Every structure is written in structure tokens, then in C-alpha cells.
Amino acid sequence: KLYGRGGADDGYALFASISSIRALKDQELDHPRILVLIEFSEESGSPDLPHYMNLCSDKIGTPDLQKEP
């Protein structure tokens, strides 16, 4: 879980998430494969997201977890 300003809303959630991933890598800590798909149309229903999910399905595989900030 991310706590702090923007930890659960638009604010800095993306930056906080990517910074957390970077911190894991910098400390050479084990972690599962992480794939980040960024899109910015959530306020209008993300009309293009299904297209990109299908387009990238071979790279995405079957996720164990899907999270949106």
C-alpha cells in the first residue's frame, strides 16, 4: 500500500508507484515481474484501454494483480 499525498488518487500516484519499483531495483530486492501500463483517460471511461490491452496481451500474459492508482 502507498500512503501519503496522492497515494490513492491522481496526484502523485503514478510517480509514487514508479518510485517504489525503482527503490526495489536499486536495493536489488527480489520482486515479481512488474508491468506498468499507463493511460490517462480514466475520467472519460478509458475508451482506448481495451484496444491496448489486446494489442499487448502477449507481453501482459495473465496478471496476478491489476491495480489502478
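Sequence positions in the sequence shown follow my numbering and run 627 to 695.
Backbone N, C-alpha and C fix where the C-beta goes; we use that ideal spot for every residue, glycine too.
Predicted model only: the values in this text are computed from it and were never measured.
Go through its chain and collect everything with a Cβ distance to residue i's Cβ below 8 angstroms, but skip five positions before and after it.
i           : result
residue 664 : 640
residue 686 : 661, 663 and 679
Just the Cα atoms here: how many angstroms apart are residue i and residue j?
i           : j           : result
residue 661 : residue 683 : 12 angstroms
residue 671 : residue 680 : 17 angstroms
residue 691 : residue 652 : 23 angstroms
residue 654 : residue 648 : 10 angstroms
Residue i by DSSP, collapsed to three states: which one?
i           : result
residue 652 : helix
residue 607 : The structure shown has nothing for residue 607, since the chain only spans 627 to 695.
residue 685 : helix
residue 669 : helix
residue 663 : coil
In terms of residue numbering, what span does the alpha helix (DSSP H) encompassing residue i cover?
i           : result
residue 677 : 675–681
Return the chain-ordered list of same chain residues with a C-beta closer than 6 angstroms to the C-beta of residue i, the five sequence neighbours on each side being excluded.
i           : result
residue 675 : 665
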